[in-house]
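Notes follow the structure.
In structure tokens, the structure reads:
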């Protein structure tokens, strides 16, 4: 069945004007379906470029000129086989989880004091461990996804407990260096940065240094070409570290903290570490912690 | 003269695959010119949407199906007058400054110790003050741009020295609430967060609280709907604070720090404040501090 041609629109789930991508909810044969349309990026080969037609511009309409600046609208040359204009992805049938995932959410700015952590976040974290992170334990202790593992450090010869498993993130194509994305999962059982104290500094430094050594050896990237950071709130509550190429574009401010900044803050936070700190970050207003917690406390 | 039609391509300056925008350098009539092509975002009116043609999809080609997911390529319906596919901006003649501005730069990850700050950054900051920030002093003390000023706090009745001028950033259209962008410029002469100590906490809290009160009064936005943050490295060395709507999308991780996080860190850094801290951030590899400084020291 030709899914797209049978799609009947219901509502717009989200529309990113920056990345030119739109998610639409509708039905196909009276079942829920999601259609995502994303314009394709420019993929021009410098060797074949000369005049404006070679740039893919078809028609032009001048809007305005001011000094050295001028503005036009254009249509672009397109061809369904050799030069398509958009990717169209379909999820059918779409579950409620799919719909919630692509539904536009608004971030909220959170000031999480130690008291708010105890009241709302600690019980939430507890509920998100156990079975919810069984897949992490499978990777760490049962050999699941072993063929993807880049490095496994089960014992730290330096005695600093820097034990972890390093593997490519599923978002990475495992080819393009500029979009490199790895995850280092701590073997030690830590839920999030809230559990870290100055006692963890040697462990974190040891993991960081081994990540640098591994990535340099395997991919030739220097420390200044990498972002090594953690998320708060993370998407799962077993401590893990994100390792990406410095050029990977993400809209990540307000959730990501460089591992070096975590270590630096631990140096000054004293023996109780982040358990006594106030953490500030962005959180989606569809997140359970907002709807069932912070929304009652914060303006 | 029809500028675009006379453009002769030389090289690609930068290509953002995320925002589908490309900057090209070339010549028009043997003078340098820059052509920027950006695909337009989806602008669909839910009321007029029904089947796939109404979504703007013309032809379709199925690539793959896996379980509930399927992938297609498409051409899109376009019309130079009513439904153009791209914006085409031209800068002609283009100066070297224009070219440098749109030339792709790669970020580098910087670990700035107090020693590296003293060796490279402190002299750089010195060179960037004086005449380079005369325009800030014009705003603060000479009444320049007075008609744009939203609030001016010259004396802090609470005795905490929270004096500042709040005005809209030039990037804001001053209409769209979701893209609100204001700048609070400190009246007190501080170059950057490196100069802040625990003695500044009352001042920073007073500025923050006045920003919250002003933005709530003028725009009805609550604290959880705002991002209040500083940049390091900043683009000019007179202390200023960014205030944006929480939904404003920016690729800002690695340069921005929430003001609340600055205050929290100051609580733990002791009497010497950030002057004794190690700061980690991203910096463009075309920035003078990288080319003339950090590139000699950091891998």
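Residue numbers (this note's numbering), protein chains in the order written: chain A, 47 to 345; chain B, 47 to 345.
Quick reminder that beta carbons are idealized off the backbone N, C-alpha and C, glycines included.
Given the structure is predicted, the values throughout are model-derived calculations rather than measurements.
DSSP bridge partner residues for residue i (one or two, in chain order)
i	result
residue 256 of chain A	Paired residue(s): none; residue 256 of chain A is not in a bridge.
residue 55 of chain A	A:72
residue 370 of chain A	This structure cannot speak to residue 370 of chain A, because chain A is shown only from 47 to 345.
residue 228 of chain A	A:214, A:289
residue 157 of chain A	A:326
residue 77 of chain A	A:74
residue 134 of chain B	A:118, B:83
residue 297 of chain B	DSSP, once it has assigned bridges, lists no residue as partnering residue 297 of chain B.
Residue environment, residue i, which counts as buried when at least 16 other CB atoms sit within 10 Å
i	result
residue 318 of chain A	exposed
residue 264 of chain A	exposed
residue 217 of chain A	exposed
residue 153 of chain A	buried
residue 92 of chain B	exposed
residue 194 of chain A	exposed
residue 209 of chain B	buried
residue 124 of chain A	buried
residue 100 of chain A	exposed
residue 111 of chain B	exposed
residue 306 of chain A	buried
residue 304 of chain A	buried
residue 326 of chain B	buried
residue 299 of chain A	buried
residue 275 of chain A	buried
residue 290 of chain A	buried
residue 232 of chain A	buried
residue 158 of chain A	buried
residue 63 of chain A	exposed
Within-8 Å CB hit, residue i to chain B
i	result
residue 103 of chain A	yes
residue 280 of chain A	no
residue 317 of chain A	no
residue 65 of chain A	yes
residue 252 of chain A	no
residue 95 of chain A	yes
residue 169 of chain A	no
residue 117 of chain A	yes
residue 112 of chain A	no
residue 61 of chain A	yes
residue 300 of chain A	yes
residue 106 of chain A	yes
residue 236 of chain A	no
residue 200 of chain A	no
residue 127 of chain A	yes
C-beta neighbour in chain A for residue i, strict 8 Å
i	result
residue 292 of chain B	yes
residue 320 of chain B	no
residue 146 of chain B	no
residue 121 of chain B	yes
residue 332 of chain B	no
residue 326 of chain B	yes
residue 57 of chain B	yes
residue 345 of chain B	yes
residue 184 of chain B	no
Residue i in three-state terms, based on DSSP
i	result
residue 314 of chain B	helix
residue 152 of chain B	coil
residue 246 of chain A	helix
residue 218 of chain B	coil
residue 164 of chain B	helix
residue 87 of chain A	coil
residue 105 of chain B	strand
residue 273 of chain B	strand
residue 67 of chain A	strand
residue 62 of chain B	strand
residue 48 of chain B	coil
residue 233 of chain B	coil
residue 97 of chain A	coil
residue 110 of chain B	strand
residue 307 of chain A	helix
residue 238 of chain A	coil
Continuous beta strand (DSSP E) stretch holding residue i: start and end
i	result
residue 288 of chain A	286 to 291
residue 168 of chain A	Not the beta strand (DSSP E): residue 168 of chain A falls in the alpha helix (DSSP H), residues 168 to 173.
residue 328 of chain B	325 to 330
residue 128 of chain A	Counting along the chain, residue 128 of chain A falls outside any beta strand (DSSP E), and DSSP gives it neither H nor E.
residue 304 of chain A	302 to 304
Range covered by the alpha helix (DSSP H) that runs through residue i
i	result
residue 187 of chain B	180 to 187
residue 334 of chain A	334 to 337
Closer than 7 Å: residue i CB and nearest the ligand PLP heavy atom
i	result
residue 178 of chain A	Absence of the ligand PLP is noted for the structure shown, with no ligands found whatsoever.
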